[in-house]
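The opening residue of the sequence shown carries number 1 in the UniProt record's numbering; numbering runs sequentially from there.
Even glycine gets a Cβ: it sits at the ideal position worked out from N, Cα and C.
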Amino acid sequence: MKTIGVLTSGGDAPGMNAAIRAVVRTAIYNGIKVMGVNQGYDGLINGNIKEMGLSSVADIIHRGGTTLRTARSEEFKTEEGRKKALNVMKVFGIDGLVVIGGDGSFKGAEKLSDEGFPTIGIPGTIDNDLGYSDYTIGFDTAINTVIDAISKIRDTSTSHGRANVIEVMGRHCGDIALYAGLAGGAESVIVPEVGYEVDEVCQKLIKGRNRGKLHSIIMLAEGVGRAYELSDEIEDKTGIETRVTVLGHIQRGGSPTAFDRILASKMGAESVRLLIKGESGKVVGIQGNKIINMNINEALKINNNLDKDMYELTKILSI
Ligand code: F6P
């Protein structure tokens with residue numbers, strides 16, 4: 001292995017820069033040249049590629065976003081697009097690739113390795129929706145951002161005696177709602193893996209109100225419904241004044257937490273070690289506080305199951 005390419009793809013996530021830094025520095029430490037691919041798979045197709053030196057990753061470990069920029073490439077999904085990318089990598093002398101991204105990016109990495117190109121994936125997404133890994137890079141920062149928002153909303157919720165529906169990201173996965181809901185002391189956590197009955201949410205609100213509770217925080221994962229619709233229903237059924245906050249892309253930004261920086265650093269280093277060992281078609285992950293790797297096709301088949309115990313706990317602690 002003489003030259004490694006590195007790219008970030010799909011939705012950005014805090015900690016991606018720490019992963020890029022770890023890939024670049026581990027590779028250079030081992031005498032390997034690194035080419036940074038800008039704008040994800042699109043950059044691989046268009047040759048938007050530059051050599052990265054030690055100082056190209058200085059001063060980025062604490063920055064949100066991705067300095068390599070990112071894209072969701074439609075062209076790379078086609079055989080034609082991937083052929084172009086493979087030719088471009090030949091021209092730049094790239095003989096191994098590290099892809100930092102979520103499941104869509106991993107599908108691209110899987111195709112590349114199936115087509116014979118050494119490729120390793122690092123899970124970078126705020127959604128925490130990759131079942132093979134306990135955590136993905138960016139998730140911890142995102143839930144901390146959400147917790148901060150919950151605390152602020154709770155202040156005003158209490159002052160006015162209102163209910164507040166907070167809609168969070170996560171695509172089809174309820175982890176952001178669940179983890180932030182538990183840590184933020186939400187009264188209800190609504191996730192796509194379980195679904196919800198609006199009457200149950202309303203009963204809980206009324207019970208709380210009758211007990212003298214002043215605020216009510218309802219965490220709603222985007223994959224299960226829309227906050228404005230739920231809020232209208234709650235107001236109609238309970239008469240309790242209800243407000244909505246859709247947190248949106250604020251959840252994707254910000255300086256990564258220590259957890260995300262450490263996770264990204266370990267995973268970035270491990271991805272380079274795997275390429276040096278001649279491995280391909282693998283993804284790096286974390287299980288029980290240990291960095292692991294697994295075949296990408298196996299990893300993609302593992303369903304992301306909601307932590308049911310944790311979900312039950314949110315219910316118990318919010319009676
Ligand atoms: O996958 C990360 C994510 O932030 C999801 O939680 C969300 O549904 C989606 O990306 C939003 O994508 P975009 O930034 O393209 O609007």
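Rounded C-alpha distance that separates residue i from residue j
i      : j      : result
Asp309 : Thr136 : 20 Å
Ile94  : Thr3   : 5 Å
Ile166 : Gly208 : 18 Å
Leu274 : Ser157 : 50 Å
Thr47  : Gly65  : Here the sequence assigns Gly to residue 47, which means Thr is not the residue at that position. So the alpha carbons of these two residues sit roughly 22 Å apart.
Ile319 : Ile302 : 33 Å
Met169 : Thr125 : 11 Å
Ile143 : Asn128 : 10 Å
Asp249 : Tyr228 : Looking at the sequence itself, residue 249 is His, so the reference to Asp does not match. Approximately 17 Å between the Cα atoms of the pair.
Glu197 : Val224 : 11 Å
Thr257 : Leu317 : 26 Å
Thr9   : Arg21  : Before going on, a small fix: residue 9 reads as Ser here, not Thr. Taking the straight line from one Cα to the other gives about 16 Å.
Gly81  : Gly104 : 15 Å
Arg211 : Gln287 : 42 Å
Val23  : Phe106 : 17 Å
Glu74  : Gly161 : 47 Å
Asp140 : Lys83  : 36 Å
His215 : Gly185 : 11 Å
Lys315 : Thr145 : 22 Å
Asn295 : Ile206 : 49 Å
Asp12  : Leu247 : 16 Å
Gly108 : Lys290 : 26 Å
Lys237 : Ala221 : 21 Å
Gly121 : Asp148 : 31 Å
Lys77  : Ala163 : 44 Å
Lys50  : Gly36  : 5 Å
Glu187 : Leu306 : 18 Å
His172 : Asn304 : 10 Å
Gly101 : Lys213 : 42 Å
Ser271 : Asp260 : 16 Å
Ile96  : Met52  : According to the sequence provided, residue 96 is Gly. The question's Ile does not apply to it. Roughly 15 Å between the two C-alpha positions.
Gly278 : Ile262 : 25 Å
Ile218 : Pro123 : 29 Å
Leu7   : Glu298 : 22 Å
Ile292 : Arg25  : 20 Å
Per DSSP, the bridge partner or partners of residue i
i      : result
Pro123 : Gly101
Ile218 : Val165, Ser188
Gly5   : Met35, Leu97
Element boundaries [alpha helix (DSSP H), containing residue i]
i      : result
Arg273 : 258-276
Lys282 : Not the alpha helix (DSSP H): Lys282 falls in the beta strand (DSSP E), residues 282-287.
Ala149 : 139-160
Val23  : 16-29
Tyr179 : 175-183
Leu317 : Element bounds for Leu317: n/a, residue is neither H nor E.
Asn210 : 198-210
Glu80  : 79-91
Gly43  : 40-46
Endpoints, the beta strand (DSSP E) within which residue i is located
i      : result
Lys33  : 33-37
Met52  : 49-52
Val224 : First-last for Val224: undefined, no H or E at that position.
Ile291 : 290-295
Val244 : 242-246
Proximity test, residue i beta-carbon vs ligand 3 heavy atom, cut-off 7 Å
i      : result
Pro123 : Questions concerning ligand 3 fall outside what the structure shown contains, since the ligands it does hold are ligand 1.
(message) Across the region 280-296 and the region 118-138, are there enough close Cβ pairs to call them in contact, namely three or more that are closer than 8 Å?
(response) yes
(request) Count the C-beta pairs between the region 239-252 and the region 87-102 that are closer than 8 Å, then say yes if the count reaches three, no if not. (result) no
(request) Pair every Cβ in the region 182-194 with every Cβ in the region 297-311, then say whether three or more of these pairs are closer than 8 Å. (result) yes
(request) Kindly confirm or deny that the region 109-117 and the region 173-180 touch, where touching means at least three C-beta pairs closer than 8 Å. (result) no
(request) Inspect the CB distances between the region 150-164 and the region 23-32 and report whether three or more fall short of 8 Å. (result) no
(request) Could you tell me whether the region 3-18 touches the region 44-64, where touching means 3 or more Cβ pairs closer than 8 Å? (result) yes
(request) Assess, as a yes-or-no matter, whether the region 226-242 is touched by the region 196-205 under the definition of 3 or more beta carbon pairs within less than 8 Å. (result) yes
(request) Inspect the CB distances between the region 35-45 and the region 67-74 and report whether three or more fall short of 8 Å. (result) yes
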